[in-house]
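Undergrad: Please find one structure pasted underneath; my questions will follow.
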Amino acid sequence: MTTKEYRIAHLSDLHLSAEYFPERIHTVRLLFRRCQELNVDHIVITGDVTNQARIEELNLFRSLLQEHSLLDGRKVSVVIGNHDIFGGPYYAEDVLKFPSACQSADYDAKVNLFYTTLKETFEGATLVQPEQPFPFVKVFGEIAIVGINSVARWHGVKNPIGSNGKVERKQIESLKALLLNARMKNKLVIAAMHHHFQMKEETDIQSKTKQLWRAFESATMKLHKKKKLIKLLLSSGVTTILHGHVHRHDQYQYKGIRCFNSGESMLAYNNALPKFHLMIFRGAMVTSATILIGGKKEQRLENIHELTSTSQRIKYTLA
Numbered sequence: 001m002t003t004k005e006y007r008i009a010h011l012s013d014l015h016l017s018a019e020y021f022p023e024r025i026h027t028v029r030l031l032f033r034r035c036q037e038l039n040v041d042h043i044v045i046t047g048d049v050t051n052q053a054r055i056e057e058l059n060l061f062r063s064l065l066q067e068h069s070l071l072d073g074r075k076v077s078v079v080i081g082n083h084d085i086f087g088g089p090y091y092a093e094d095v096l097k098f099p100s101a102c103q104s105a106d107y108d109a110k111v112n113l114f115y116t117t118l119k120e121t122f123e124g125a126t127l128v129q130p131e132q133p134f135p136f137v138k139v140f141g142e143i144a145i146v147g148i149n150s151v152a153r154w155h156g157v158k159n160p161i162g163s164n165g166k167v168e169r170k171q172i173e174s175l176k177a178l179l180l181n182a183r184m185k186n187k188l189v190i191a192a193m194h195h196h197f198q199m200k201e202e203t204d205i206q207s208k209t210k211q212l213w214r215a216f217e218s219a220t221m222k223l224h225k226k227k228k229l230i231k232l233l234l235s236s237g238v239t240t241i242l243h244g245h246v247h248r249h250d251q252y253q254y255k256g257i258r259c260f261n262s263g264e265s266m267l268a269y270n271n272a273l274p275k276f277h278l279m280i281f282r283g284a285m286v287t288s289a290t291i292l293i294g295g296k297k298e299q300r301l302e303n304i305h306e307l308t309s310t311s312q313r314i315k316y317t318l319a
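Under our numbering, the first residue of the sequence shown carries the number 1, and numbering increases by one thereafter.
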């Protein structure tokens, strides 16, 4: 277990678009600056860095990393999200056309574009197959970060709007090879992916519109075959999962693994402030903090959690 302090910031769902949402550029700058003020060792960004899966948006994200000296695999790890492959409808009239737009998207070409545009962030990563960016693993002392592509391919019934998730069989086999490698022994293993294992229960759903949207969200934002994936992660000693996809800020226990959702890094629920998770690893203790961005005064909230995995026991607690 690591004895030296190691700080990881977890961001997600930045949905950058200079054309449609130029104000988000400023928020990303605030997020990156806050990470630097907190002396973060590594930033993990769990997908949807773009809004429409356009090269211009990827290049914008790249330039923002570069601007903050973060275009570096030692400092940043990024995994792909569904918006980075399929994009999303912007105008109301686009909604009905969106399934056919998803069908025509070249899935493999989009994954390759993501990789080649952000290639510096993959430096230092171990890949099972060269030029196949997912899954990957990076090792920093006694901490290992495993990056997974959880975006399902388009399917007329199972994934009509590209937002459902699935880790393909081929990637599962590659994951096994990475996780069971001898160099992973006694590492604190963190998995980073876009899709969630559990959706936060809402207590304020009153209107029929909100209820319908919640039902739609549940049907179109699933992670398929998650039992098989979680079984592999558990048996391989993964203790922590970082994800986004659902625009909520949350953490929860799923089958013995502590999961963190930083889906409000840009689009905060109920117009709240953007926020992200900060984890400070120190020996057997992990401090989990929520960092709020903006407002009159940025806040830091601490939470106490305890995690038990098949290989080791980690406590999420106050510093």
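Beta carbons are placed, not taken as given, at the ideal position from N, Cα and C, and that holds for glycine.
Considering only the beta carbon of each residue, do N186 and Q171 sit closer than 8 Å?
TA: Going by C-beta atoms, N186 is not nearer than 8 Å to Q171.
Undergrad: Identify which residue in K222, G294, Q198, K228 has its Cα closest to the Cα of R258.
TA: Per the Cα distances, Q198.
Undergrad: Who pairs with Q253 in a beta bridge, going by DSSP?
TA: Q253 is bridged to R258.
Undergrad: In three-state terms, what does DSSP make of F328?
TA: This structure leaves residue 328 out entirely; the chain is present only between 1 and 319.
Undergrad: Could you check the C-alpha separation between D106 and N159 for me, to the nearest Å?
TA: Those two C-alpha atoms are separated by around 15 Å.
Undergrad: Can you tell me the Cβ-Cβ gap for H10 and T46, rounded? I've got them flagged as a contact below 8 Å.
TA: Indeed they touch by this definition, with Cβ atoms about 7 Å apart.
Undergrad: Does DSSP put S288 in a helix, in a strand, or in coil?
TA: S288 falls in the strand class under three-state DSSP.
Undergrad: According to DSSP, I293 sits in a beta bridge with which residue or residues?
TA: Beta-bridge pairing links I293 to no other residue.
Undergrad: Run through DSSP, which three-state label would I148 get?
TA: It is coil, neither helix nor strand.
Undergrad: Unbroken beta strand (DSSP E) runs of length 3 or more, entirely within the stretch 22-93: which are they?
TA: List check, beta strand (DSSP E) in window: 42-46, 76-79.
Undergrad: From the beta carbon of N261, is the nearest beta carbon of chain B less than 8 Å away?
TA: Going by chain labels, chain B is absent from the structure shown, which holds only one protein chain.
Undergrad: Can you tell me which residues form a DSSP beta bridge with G165?
TA: G165 is bridged to V151, L223.
Undergrad: Only counting the same chain, and skipping five residues up and downstream in sequence, which positions put a Cβ closer than 6 Å to that of V76?
TA: So the qualifying residues of the chain are I43, L70, T121.
Undergrad: Just curious, the beta strand (DSSP E) that T240 is in, first and last residue?
TA: 238-243 is the extent of the beta strand (DSSP E) around T240.
Undergrad: With DSSP run on the structure shown, which of helix, strand or coil describes Y107?
TA: Helix, per DSSP.
Undergrad: Take every Cβ of the stretch 175-186, pair it with every Cβ of the stretch 110-117, and state whether three or more of those distances are shorter than 8 Å.
TA: With the cut-off at 8 Å, the stretch 175-186 and the stretch 110-117 do not touch.
Undergrad: Which two residues bound the contiguous beta strand (DSSP E) that contains A9?
TA: Looking at the DSSP string, the run of the beta strand (DSSP E) that includes A9 is 6-11.
Undergrad: Alpha carbon to alpha carbon, how far is V137 from E131? Give it in angstroms, no decimals.
TA: The straight-line gap from Cα to Cα measures roughly 14 Å.
Undergrad: Among residues of its own chain, excluding the 5 on either side of F320, which ones have a beta-carbon nearer than 6 Å to its beta-carbon?
TA: Because the chain is modelled from 1 through 319, residue 320 falls outside the range shown and cannot be assessed.
Undergrad: Can you name, in chain order, every residue of its own chain whose Cβ lies under 8 Å from the Cβ of V40, other than the five neighbours on each side?
TA: Closer than 8 Å at Cβ, skipping near neighbours: R7, I8, A9, L278.
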